[in-house]
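Undergrad: For the sequence shown, counting from 1, position 14 maps to 14 in the numbering used here; every step adds exactly one.
We put the CB at the ideal spot given by N, CA and C, even for glycine.
One structure coming up, written as structure tokens, with questions to follow.
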Amino acid sequence: MAVAGLIYGPEFHHLDHLAPLCALLEIPLILTEQKLAIEAEKFYPDVKIFLWDPNETPEKLVSSFDTIIYSTPRVLFDEVFFFAQHLQRRKIRTIWCPHGNSDKGRNSLFMEALKEEELLLTYGPRIEAFLKEKGVAAPTKRVGNYRLFYYEKHKKFFDSLLSTSEKPSLLYAPTWQDQENNSSFPKIWPLLLEAPKAFSLMVKLHPNLYQQFPEEIGLLRKGGVQLIEDFSPIYPLLAKTDLFIGDMSSIGYDFLSFKRPMILLTRSELTKAGRYVPPKEYSRLFAICKEELEKPPPSNTLYEETFDVKRLDISAFSSLNFAL
1 MAVAGLIYGP EFHHLDHLAP LCALLEIPLI LTEQKLAIEA EKFYPDVKIF
51 LWDPNETPEK LVSSFDTIIY STPRVLFDEV FFFAQHLQRR KIRTIWCPHG
101 NSDKGRNSLF MEALKEEELL LTYGPRIEAF LKEKGVAAPT KRVGNYRLFY
151 YEKHKKFFDS LLSTSEKPSL LYAPTWQDQE NNSSFPKIWP LLLEAPKAFS
201 LMVKLHPNLY QQFPEEIGLL RKGGVQLIED FSPIYPLLAK TDLFIGDMSS
251 IGYDFLSFKR PMILLTRSEL TKAGRYVPPK EYSRLFAICK EELEKPPPSN
301 TLYEETFDVK RLDISAFSSL NFAL
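Shown next as structure tokens:
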């Protein structure tokens, strides 16, 4: 059975989820954006990349592969590949791979759109409970925290990509402003210009924020704020981070791996693992960062609730049986 990963279009935030998976499964990753392909080859050199013209991709994919792993719902896949499947009288089997484990989607219908999937890959108990809550009964297969495993497997390479600061390193990584208004960025961005020199502040923005707040981001650039751009792998960045500042972004759950202080600007399950800072206290953000750096994070079981903690068996993972 011919299997490949797929990112159709400029979905840059899917790369750090599908590229490590494809590398571990030893399958190719199909891309349709040249900039995305350049980034993939730079940060995931062990992945075989197919860069295809988007107009030619439907016919080539349907004629070359039986199964596709992607991070979008089946309905969006069929919008692009329906006619190619119809003309070739073939139905491509699809497997959904999550692009993070966040607390978003409670008030939207994104998860409900997964009811048509044939197989869902999951990190562990937390996302499985969420799928059940949303009425999604498709079969699931746990892959655990494979991205952390991939980072650790290539740790020397990834750690060489970023320098280590002598100052305490803060990472602010907000999500985008979706229909649930989950992003903290609209209220926080002016504070980033006032970050004390005692900290090394890194800012990793969701790709969609660049379209939503171009003027504000331009002001951050002019103000010398360190924006982490064109750098898709998140675990090397988290490894250099002493304190994480987030909202509803799934990166907060990734940061649980390091058991370090965390500040949350929106209330969610993640506040069990860090300190919730309400909007009325945003002006004290960096003073609160200093306070949190001086004490350990709260004891919690969120990591175990989120990721299957069994040691990843790479031999079994590489020969993952896709048969239902």
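To the nearest angstrom, report how far apart F77 and W176 are at their CA atoms.
TA: Here residue 77 is taken as the residue at index 77 of the sequence shown, counted from 1. Here residue 176 is taken as the residue at index 176 of the sequence shown, counted from 1. Using only the alpha carbons, I get a separation of about 23 Å.
Undergrad: Beta-carbon within less than 7 Å of E39's beta-carbon, same chain only, minus the 5 sequence neighbours each way: which residues are those?
TA: Translated into positions along the sequence shown, residue 39 becomes position 39. Correct list, in chain order: L15, D230, S232.
Undergrad: Taking all protein chains shown into account, decide if A129 is buried (16 or more other Cβ within 10 angstroms of its Cβ) or exposed.
TA: Here residue 129 corresponds to residue number 129 of the sequence shown, with the count starting at 1. Classification for A129: exposed.
Undergrad: For A177, which of helix, strand or coil comes out of DSSP?
TA: Within the sequence shown, numbered from 1, the residue matching residue 177 stands at position 177. Ala is not the amino acid found at residue 177; the sequence shown has Gln there. Here Q177 sits in coil by DSSP.
Undergrad: Give the list of continuous beta strand (DSSP E) stretches no shorter than 3 residues that lie fully inside the stretch 48 to 76.
TA: 49 to 51, 67 to 70
Undergrad: Check whether the Cβ atoms of T306 and G124 sit closer than 7 Å, and answer yes or no.
TA: Mapped onto the sequence shown, residue 306 falls at position 306. Mapped onto the sequence shown, residue 124 falls at position 124. Cβ atoms of T306 and G124: closer than 7 Å.
Undergrad: What distance in whole Å lies between the Cβ atoms of L265 and I245, which are believed to be in contact at a cut-off of 8 Å?
TA: Reading the sequence shown from its first residue, position 245 is the one you call residue 245. Reading the sequence shown from its first residue, position 265 is the one you call residue 265. At roughly 7 Å, the Cβ-Cβ gap stays under 8 Å, so I245 and L265 are in contact.
Undergrad: Kindly list the residues whose CB is nearer than 8 Å to the CB of K141, restricted to its own chain and excluding five residues on each side of it in sequence; keep chain order.
TA: For the purposes of this step, residue 141 is identified with residue 141 of the sequence shown, where counting begins at 1. Closer than 8 Å at Cβ, skipping near neighbours: L119, L120, L121, T122, L320.
Undergrad: Regarding F213 and the ligand ZN, is the C-beta to nearest heavy atom distance less than 6 Å?
TA: Inclusion of the ligand ZN in the displayed structure is not the case, the ligand content being empty and no account of it being possible.
Undergrad: Looking at C-alpha atoms only, which residue of I288, G135, E152, D103 is the closest neighbour of I263?
TA: Walking along the sequence shown from the start, residue 263 turns up at place 263. Here the closest residue by C-alpha is I288.
Undergrad: On a Cα-Cα basis, can you pick out the residue from E11, L191, R74 that is closest to Y282?
TA: As a first step, residue 282 must be located in the sequence shown, where it is residue number 282. Comparing Cα positions, the closest option is L191.
Undergrad: By DSSP, does V80 sit in helix, in strand, or in coil?
TA: Counted from its first residue, the sequence shown places residue 80 at position 80. DSSP places V80 in helix when its eight states are reduced to three.
Undergrad: Below 8 Å, how does it come out for the stretch 9 to 24 and the stretch 33 to 50: are there three or more Cβ pairs, yes or no?
TA: Yes: the two stretches touch, three or more of their Cβ pairs being nearer than 8 Å.
Undergrad: In chain order, what residues of the same chain have a beta carbon less than 6 Å from the beta carbon of A342, not counting five sequence neighbours either side?
TA: Because the chain spans 1 through 324 in this model, residue 342 falls outside it and cannot be assessed.
Undergrad: Three Cβ pairs or more, each shorter than 8 Å: is that satisfied between the stretch 26 to 37 and the stretch 89 to 99?
TA: no
Undergrad: Rounded to the nearest angstrom, what separates E194 and F82 at their Cα positions?
TA: Here residue 194 corresponds to residue number 194 of the sequence shown, with the count starting at 1. Here residue 82 corresponds to residue number 82 of the sequence shown, with the count starting at 1. E194 and F82: Cα-Cα distance of roughly 51 Å.
Undergrad: Quick check: what's the CA-CA separation for E112 versus V143?
TA: Numbered from its first residue, the sequence shown carries residue 112 at position 112. Numbered from its first residue, the sequence shown carries residue 143 at position 143. Each residue's Cα considered, the two are about 21 Å apart.
Undergrad: Between which two residues does the alpha helix (DSSP H) holding K187 run?
TA: Here the question's residue 187 lines up with position 187 in the sequence shown. Residues 185 to 192.
Undergrad: Tell me where the beta strand (DSSP E) around I92 begins and ends.
TA: Against the sequence shown, residue 92 aligns to sequence position 92. Here I92 belongs to no beta strand (DSSP E), and DSSP marks it neither H nor E.
Undergrad: Just the Cα atoms here: how many angstroms apart are A4 and T67?
TA: Position 4 of the sequence shown, counting from 1, holds the residue named residue 4. Position 67 of the sequence shown, counting from 1, holds the residue named residue 67. Their backbone Cα atoms lie some 7 Å apart in a straight line.
Undergrad: Tell me the rounded alpha-carbon separation between H99 and T72.
TA: Locating residue 99 in the sequence shown gives position 99, counting from the first residue. Locating residue 72 in the sequence shown gives position 72, counting from the first residue. Spanning the two alpha carbons is a distance of roughly 9 Å.
Undergrad: Between L285 and K132, what straight-line distance do the alpha-carbon atoms span, to the nearest angstrom?
TA: Your numbering for residue 285 matches position 285 in the sequence shown. Your numbering for residue 132 matches position 132 in the sequence shown. Roughly 37 Å between the two C-alpha positions.
Undergrad: Taking only three categories from DSSP, how would you classify L161?
TA: Here residue 161 corresponds to residue number 161 of the sequence shown, with the count starting at 1. Correct three-state label for L161: coil.
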